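Offset between the sequence shown (1-based) and the numbering used here: plus 42.
Take a look at the structure set out below.
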Amino acid sequence: MPDRVGTFRVGLFAEIALVFFFLLPCCFAADLRLGIVGTDTSHAVEFTKIFNDPSASGHVGGARVVAAFRGGSPDIAESRDRIGRFSAELSGTWHVPFVEKIGDLCPLVDGILLESVDGRVHLGQFREAAVCGKPVFIDKPLASTLADALEIEKVAAAAKVPWFSSSSLRFGPVQAMRAQDVAGAFVWGPGPLEEHQQLDLSWYGIHTVEMLFTVMGTGVEQVTRTYSPDADVVTGVWKGGRIGTLRVVRPYSSYGAVVYRAGGHAVTNADVSVGYSPLLEEIVKFMRTGVAPVPNAETLEMFRFMDAAQQSRERGGVPVSVRR
């Protein structure tokens with residue numbers, strides 16, 4: 043007579059083994075392979091360190107930088123004068139190999155970090171990266187003009203490539219200042235300019251714009267900008283009459299925010315700075331799921347906001363309606 047108990051035990055153990063066989067890849071998935079486009083920014087080195095070095099402060103697991111494309115903009119000092127040092131560190135310290143063309147990354151990576159410091163080159167580089175069909179994180183700024191930002195969205199849609207762009211500040215303390223009853227906000231930060239960027243706020247003021255939209259959300263309808271050599275004040279009127287204002291200071295300043303809630307209650311945080319790790323954690327989730335943590339529509343509205351602010355500056359500070 044067959045040993046029913048023994049058969050049951052064998053069957054049970056077999057089922058358990060099958061469960062572990064199918065669950066293990068989920069629970070212990072291999073690190074994502076990431077490729078960098080543009081090694082003329084400190085982000086290329088810092089992100090690689092946080093991903094690739096388990097002993098690094100703020101280490102983020104689940105992804106590794108495995109290849110890079112050099113890039114570079116000879117007419118921008120911040121690119122021209124630093125790309126050699128950053129590229130050498132990626133190669134020498136982190137043993138990241140370089141490719142000749144962006145398309146060469148396609149078979150090597152699961153996702154792409156477009157890091158070039160110059161927003162003017164992002165559209166062209168994104169066109170090449172989109173051919174890979176892999177998710178793309180586009181570091182700030184998304185682009186140098188509203189037209190380029192909108193074209194990136196079109197290219198991504200045609201190629202069915204998920205993308206997102208964000209400042210790390212969005213995922214710091216300012217995130218906790220979001221609320222359903224936000225009536226307005228005032229945020230501040232550094233705002234150095236770069237002469238080649240057509241939307242001048244996109245170069246560094248984008249951080250402060252990100253903070254403002256993090257707490258205010260979308261729906262801005264009108265923008266007014268007051269410009270001086272040392273600072274800019276940009277005020278937006280949102281749907282329903284809510285008012286959000288940012289101040290950028292040159293050359294540099296700290297970051298901070300005041301959020302006004304219904305009933306006149308104000309919440310102030312004079313230091314909303316944050317490291318890169320929270321952003322990189324979001325990047326890993328995005329690369330695995332294809333779901334952007336910042337809606338593309340919100341990112342594009344930020345560029346409409348900056349475009350209106352640019353027009354306001356050029357027209358002497360008059361209010362400008364936000365284009366749709």
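Where is the CB? At the ideal position from N, CA and C, for every residue including glycine.
As the structure is a computational prediction, the values presented were derived from the model and not from experiment.
Straight-line gap, residue i to residue j (C-alpha atoms, nearest Å)
i       : j       : result
Val-360 : Glu-237 : 23 Å
Leu-184 : Ile-285 : 25 Å
Ser-186 : Leu-211 : 20 Å
Thr-277 : Lys-143 : 42 Å
Val-265 : Gly-214 : 26 Å
Phe-70  : Ala-334 : Model confidence at Phe-70 stands at a pLDDT of 45, short of 50, so the residue's coordinates are unreliable; what they give is reported in the following sentence. Their Cα atoms are separated by approximately 23 Å.
Val-314 : Ala-299 : 7 Å
Phe-228 : Met-258 : 10 Å
Lys-281 : Ser-363 : 12 Å
Glu-356 : Pro-271 : 14 Å
Glu-323 : Gly-317 : 11 Å
Leu-65  : Thr-331 : Caution applies to Leu-65, whose pLDDT of 42 falls short of 50 and renders its modelled position unreliable; the value that the coordinates give is listed next. If you take the alpha carbons of Leu-65 and Thr-331, they lie about 18 Å apart.
Three-state secondary structure assigned by DSSP to residue i
i       : result
Gly-286 : strand
Glu-237 : coil
Glu-142 : coil
Gly-231 : strand
Ile-78  : strand
Arg-106 : strand
Thr-277 : strand
Leu-150 : coil
Leu-184 : coil
Gly-226 : strand
Cβ-Cβ distance between residue i and residue j below 8 Å
i       : j       : result
Ser-115 : Val-163 : yes
Arg-329 : Val-251 : The residue you asked about is not Arg; residue 329 is Met in the sequence shown. Contact: no.
Pro-232 : Val-203 : no
Phe-140 : Ser-84  : no
Glu-193 : Val-159 : no
Arg-303 : Val-224 : yes
Asn-338 : Phe-179 : no
Own chain, CB closer than 8 Å to residue i, minus 5 neighbours either side, in chain order
i       : result
Gly-125 : Reading off the sequence shown, one finds Ile at residue 125, where the question assumed Gly. If we look at Ile-125 and ignore the five residues flanking it on each side, its Cβ neighbours are Thr-81, Asp-82, Arg-112, Gly-113, Gly-114.
Ala-312 : Ser-296, Gly-298
Cβ neighbours of residue i in the same chain (closer than 7 Å, five flanking residues each side left out)
i       : result
Arg-75  : Arg-106, Val-108, Leu-150, Val-151, Asp-152
Gly-175 : Ala-201, Val-203
Leu-132 : Thr-81, Ala-86, Val-87, Thr-90, Ala-110, Val-138
Ser-319 : Ile-92, Gly-100, Val-102
Beta-carbon separation (whole angstroms), residue i vs residue j, contact threshold 8 Å
i       : j       : result
Val-79  : Gln-167 : 5 Å
Ser-354 : Arg-267 : 4 Å
Leu-165 : Asp-181 : Between Asp-181 and Leu-165 the Cβ distance is about 14 Å, and since that is not below 8 Å, they are no contact.
Leu-342 : Glu-195 : 6 Å
Own chain residues within Cβ distance below 6 Å of residue i, not counting five before or after
i       : result
Arg-220 : Val-257
Arg-365 : Arg-346
Ala-350 : Val-265, Val-362, Val-364
Ala-98  : Lys-91, Ile-92
Gln-352 : Leu-241
Thr-260 : Glu-340, Glu-343
Val-216 : Met-253, Thr-256, Ala-299, Val-314
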